[in-house]
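Peer 1: I have a structure here, written as structure tokens, and I will follow up with some questions on it.
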Ligand SMILES: [Mg+2]
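Numbering (our numbering), first residue to last: 534 to 795.
Written out as structure tokens, the structure is:
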């Protein structure tokens, strides 16, 4: 993994994740790009509310749908901040951070973690199927700027079919936005933040890395990964939680489209 420029030197001394967009590093000049690569989890799809509520119910937890989307972004920000650049550590910290953010009481965390995050049986093992409102429309807006598009996802081999089934995007003509390629880590055998997965997508969009943007919600897999491949990272940060400088944050795919169109 490339060194993480956002690593916390003293994780326990890092202030808690902010709640709300600070706006200190969200602006700046437009981004000149011929191509945009896109993450999927967190950017297009989130965990299905009903599935999460049902799984938590089996652990004796009554969860409310409101707040579950937020729980993902809070957990991702917290786990990556605490992991200090270690992707495996961030993945290990994510479940408890998610459950806490979803309002699971401390005495139910163990059971809830089993129902949601067990490596074999947990609900979160399945692909996330809650398509964010506006995401598909905003992708059309992004395509309208004239950039070439590709998807780069750490997934289970099913993400291309899922994107097509939901009408988000597909290679060639179809109900969604045409993209040059959907790169699924399981299919190609290499995962973000490894630069090789980004190079596969760069070949497909036929753009040099310095004229390419990658949009994703993970500082480790997406921001550091793209940077390691020489690509401009843009951090998908809808809640304004990002504590790091040195890259642009956007709150939506539409915001990226407007930044590229500037
Ligand atoms: Mg993601």
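Just so you know, even glycine gets a beta-carbon here, dropped at the ideal spot from N, CA and C.
#1: Between the alpha carbons of residue 706 and residue 697, how many angstroms are there, rounded?
#2: Work out the CA separation of residue 760 and residue 786 for me, nearest whole Å.
#3: Could you work out which residue in 604, 723, 792, 774 is closest to residue 586 when comparing CA atoms only?
#4: Would the stretch 643-661 count as touching the stretch 767-785 if we require 3 or more Cβ pairs under 8 Å?
#5: Given this structure, state the Cα-to-Cα distance separating residue 646 from residue 598, to the nearest angstrom.
#6: Using the three-state DSSP reduction, which class does residue 578 fall into: helix, strand or coil?
#7: Classify residue 683 as helix, strand or coil using the three-state DSSP reduction.
#8: Cβ atoms of residue 752 and residue 768: under 8 Å apart, would you say?
#9: Classify residue 648 as buried or exposed, calling it buried when 16 or more other Cβ atoms lie within 10 Å of its own Cβ.
#10: Looking at the unbroken beta strand (DSSP E) that takes in residue 701, where does it start and where does it end?
#11: Could you round the C-beta distance between residue 633 and residue 594 to whole angstroms and report it? I think they count as a contact, below 8 Å.
#12: So, is residue 796 buried or exposed, given that buried needs 16 or more other C-beta atoms within 10 angstroms?
#13: So residue 717 and residue 692 are supposed to be a Cβ contact under 8 Å. How far apart are they, rounded?
#14: Have a look at 567, 584, 602, 590 and flag the residue whose alpha-carbon is nearest the alpha-carbon of residue 771.
#15: Rounded to whole angstroms, what's the CA-CA distance from residue 572 to residue 667? Just pull it up for me.
#16: Tell me, which residues are paired with residue 781 by DSSP?
#17: Can the beta-carbon of residue 596 be found less than 8 Å from the beta-carbon of residue 612?
#18: Which residue comes first and which comes last in the beta strand (DSSP E) that contains residue 568?
#19: Mapping DSSP to helix, strand and coil, what is residue 605?
#20: Between which two residues does the beta strand (DSSP E) harbouring residue 712 extend?
#21: So which residues touch the region around ligand 1, with touch meaning a C-beta under 5 Å from any heavy atom?
#22: For residue 664, which residues in the same chain have their Cβ closer than 8 Å to its Cβ, ignoring the five residues on either side in sequence?
#23: Would you please verify whether the beta carbon of residue 735 is less than 8 Å from any beta carbon of chain D?
#24: What are the boundary residues of the alpha helix (DSSP H) that includes residue 721?
#25: Mark residue 726 as exposed unless 16 or more other C-beta atoms lie within 10 angstroms of its C-beta, in which case mark it buried.
Peer 2: The relevant details are as follows:
#1: Going by the C-alpha atoms only, they are around 10 Å apart.
#2: 19 Å
#3: 604
#4: no
#5: 17 Å
#6: strand
#7: strand
#8: yes
#9: buried
#10: Neither: residue 701 is in no beta strand (DSSP E) and is coded neither H nor E.
#11: Residue 633 to residue 594, Cβ: 12 Å. No contact.
#12: This structure gives no information on residue 796, because the portion of the chain shown stretches from 534 to 795.
#13: Beta-carbon to beta-carbon, residue 717 and residue 692 are separated by about 5 Å, close enough to satisfy the 8 Å threshold.
#14: 602
#15: 16 Å
#16: 767
#17: No; because the gap between Cβ atoms is not below 8 Å, this pair is not in contact.
#18: 568-571
#19: helix
#20: 710-712
#21: 572, 574, 575, 750
#22: 577, 578, 699, 701
#23: No chain D appears in the structure shown, which is made up of a single protein chain.
#24: 718-721
#25: buried
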